[in-house]
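In my numbering, the protein residues as written are 45 to 366.
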């Protein structure tokens with residue numbers, strides 16, 4: 045038995061943003077149709093500095109059925125080391141025999157597919173005439189969200205702000221976006237906002253957002269951290285990738301439950317419900333919409349399948365006897 049190994053560089057070569065956005069639409073629609081299995085992920089935290097290891101399994105049946113497992117260690121201090129905070133691998137197993145078929149670099153998969161889902165949410169929820177995008181955060185996800193926003197809003201002005209001034213300046217020069225000096229300046233008149241920081245406390249308040257804004261809230265993925273204040277979440281039409289994940293893991297939502305008294309009914313829909321026509325998306329131009337992104341295992345599965353199919357077509361990667 046051989047295993048196809050795909051490195052960080054190879055995943056990036058194979059998984060372009062536009063194709064990944066389309067793949068995320070397909071897999072989230074399939075999840076809504078109950079064609080996949082996506083259990084809640086399990087996370088182990090270390091004592092002391094908050095490092096965590098997450099296990100994210102998924103299964104797709106039918107022809108060429110497949111199990112996937114992303115194992116990933118989240119180390120926030122990596123941002124200061126010049127490393128991606130997400131380190132790990134995505135495993136693909138044959139859905140019938142269980143044989144391991146592929147191992148992919150999880151940092152690249154996570155970076156690209158997370159921004160691709162935000163791109164999809166923006167396509168579904170932002171006003172079509174949106175022309176100003178604010179990206180808060182200049183790390184890995186800041187970079188990938190700039191790319192995703194350019195895919196779905198190619199004519200938009202993109203403003204970048206981050207507390208890490210030097211890193212933000214370097215990213216702005218690299219990508220050609222406008223660097224601004226404060227979150228307030230980035231958000232003034234913004235039609236779309238992407239929060240991609242490691243902040244544990246709100247960096248966006250309700251008063252900073254104009255009517256009709258769409259927000260992709262990405263950076264927080266644990267109950268004890270948030271990027272949006274409770275008033276923003278309570279005032280918004282809230283959309284998610286997975287209800288179950290939001291109710292267990294989303295600090296932006298869970299703290300608004302405590303502080304604003306909202307409940308599960310405040311979640312309007314999963315993206316898959318919008319794609320399948322089960323629930324409407326934006327219903328008014330002045331509606332504030334929030335997509336709370338947590339990232340789910342079927343997104344990794346679909347990204348990995350696309351990479352592996354292309355790798356075998358193009359002869360990319362390393363086959364290792366296992």
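Where is the CB? At the ideal position from N, CA and C, for every residue including glycine.
Handout entry: Residues that residue 349 bridges to, as DSSP identifies them
Key = Numbered from its first residue, the chain shown carries residue 349 at position 305. Beta-bridge pairing links residue 349 to no other residue.
Exercise for the section: Taking the CB atoms as reference points, tell me whether residue 344 and residue 157 lie closer together than 8 Å. Expected result: In the chain shown, the residue the question calls residue 344 occupies position 300. In the chain shown, the residue the question calls residue 157 occupies position 113. Yes; because the gap between Cβ atoms is below 8 Å, this pair is in contact.
Handout entry: Contacting residues, own chain, Cβ-Cβ under 7 Å from residue 274 (five flanking each side not counted)
Key = Looking up residue 274 in the chain shown gives position 230. Short of 7 Å from the beta carbon of residue 274, and not among the five residues preceding or following it, lie these beta carbons of its own chain, in chain order: 299, 300, 303, 304.
Practice task
Look up residue 257 in the DSSP assignment and say whether it is helix, strand or coil.
Solution key: Position 213 of the chain shown holds residue 257. Residue 257 sits in coil when the DSSP states are folded into three classes, being neither helix nor strand.
Handout entry: Length at least 3, wholly inside the region 78-166: the beta strand (DSSP E) runs in chain order
Key = Runs of the beta strand (DSSP E) inside the region 78-166: 86-89, 96-104, 110-118, 130-138, 144-149.
Exercise for the section: Look at the Cβ atom of residue 334, then the Cβ atom of residue 259, and state whether they are nearer than 8 Å. Expected result: For this step, residue 334 is matched to residue 290 along the chain shown. For this step, residue 259 is matched to residue 215 along the chain shown. The Cβ atoms of residue 334 and residue 259 lie closer than 8 Å to each other.
Problem - Secondary structure of residue 75, DSSP reduced to three states - result: What you label residue 75 is simply residue 31 of the chain shown in a count that begins at 1. Helix, per DSSP.
Exercise for the section: List the DSSP bridge partners of residue 238. Expected result: For this step, residue 238 is matched to residue 194 along the chain shown. Per DSSP, 179, 260.
Practice task
With DSSP as the reference, please indicate the residues paired to residue 51 in a beta bridge.
Solution key: Walking along the chain shown from the start, residue 51 turns up at place 7. Among the bridge pairs identified by DSSP, residue 51 is matched with none.
Exercise for the section: Tell me the start and end of each unbroken alpha helix (DSSP H) in the region 251-315 that is at least 4 residues and wholly inside, in chain order. Expected result: Counting whole runs of 4 or more residues, the region 251-315 contains the alpha helix (DSSP H) stretches 274-279, 287-293, 295-304.
Practice task
Identify whether residue 243 lies in helix, strand or coil by the three-state DSSP scheme.
Solution key: Here residue 243 refers to the residue found at position 199 of the chain shown. Looking at residue 243 - three-state DSSP - the assignment turns out to be coil, as it is neither helix nor strand.
Exercise for the section: Could you check what DSSP says for residue 62 in three-state terms: helix, strand or coil? Expected result: Counting from one through the chain shown, the residue named residue 62 turns up at place 18. In this structure, residue 62 counts as helix in the three-state DSSP scheme.
Problem - Same chain, Cβ closer than 8 Å to residue 366, neighbours up to 5 away in sequence not counted - result: For the purposes of this step, residue 366 is taken as the residue at position 322 of the chain shown. Excluding residues up to 5 positions away in sequence, 45, 46, 47, 144 lie with their Cβ nearer than 8 Å to the Cβ of residue 366 in the same chain.
Problem - Sequence-distant residues of its chain with Cβ nearer than 6 Å to residue 269 (five each side left out) - result: Translated into the one-based positions of the chain shown, residue 269 becomes position 225. By the criterion of a C-beta distance shorter than 6 Å, residue 269 is surrounded in its chain by 244, 295, once the five residues flanking it on both sides are discounted.
Exercise for the section: Note down the Cα distance separating residue 126 from residue 184, rounded to an integer number of angstroms. Expected result: If you number the chain shown from 1, residue 126 lands on position 82. If you number the chain shown from 1, residue 184 lands on position 140. Here the alpha carbon of residue 126 sits roughly 10 Å from the alpha carbon of residue 184.
Practice task
Could you pull out every residue in the same chain whose Cβ sits closer than 8 Å to the Cβ of residue 307, ignoring the five residues on either side in sequence?
Solution key: As a working note, residue 307 is residue 263 in the chain shown. So the list reads 301, once near-sequence residues are dropped.
Problem - Where the beta strand (DSSP E) through residue 365 begins and ends - result: To locate residue 365, count along the chain shown from 1; it is residue 321. Annotation: the continuous beta strand (DSSP E) that includes residue 365 extends over 362-365.
Handout entry: Closest Cα partner of residue 208 within the set 201, 216, 202
Key = Residue numbering aside, residue 208 sits at position 164 when the chain shown is read from its first letter. Closest in C-alpha terms to residue 208, from the list 201, 216, 202, comes 216.
Problem - Exposure label - residue 203; buried when at least 16 CB within 10 Å - result: Residue 203 sits at position 159 when you count from the first residue of the chain shown. Result: buried.
Practice task
Take residue 278 and list the residues in its own chain whose beta-carbon comes closer than 6 Å to its own, dropping the five residues that flank it on each side.
Solution key: As a first step, residue 278 must be located in the chain shown, where it is residue number 234. Hits under 6 Å: 300, 304, 306.
Problem - Pairwise C-alpha distance: residue 178 and residue 131 - result: Walking along the chain shown from the start, residue 131 turns up at place 87. Walking along the chain shown from the start, residue 178 turns up at place 134. Taking the straight line joining both Cα atoms gives about 27 Å.
Handout entry: Own chain residues within Cβ distance below 6 Å of residue 89, not counting five before or after
Key = Along the chain shown, one-based indexing puts residue 89 at 45. Within the same chain, Cβ atoms closer than 6 Å to the Cβ of residue 89 are found at 96, the five residues on either side in sequence being excluded.
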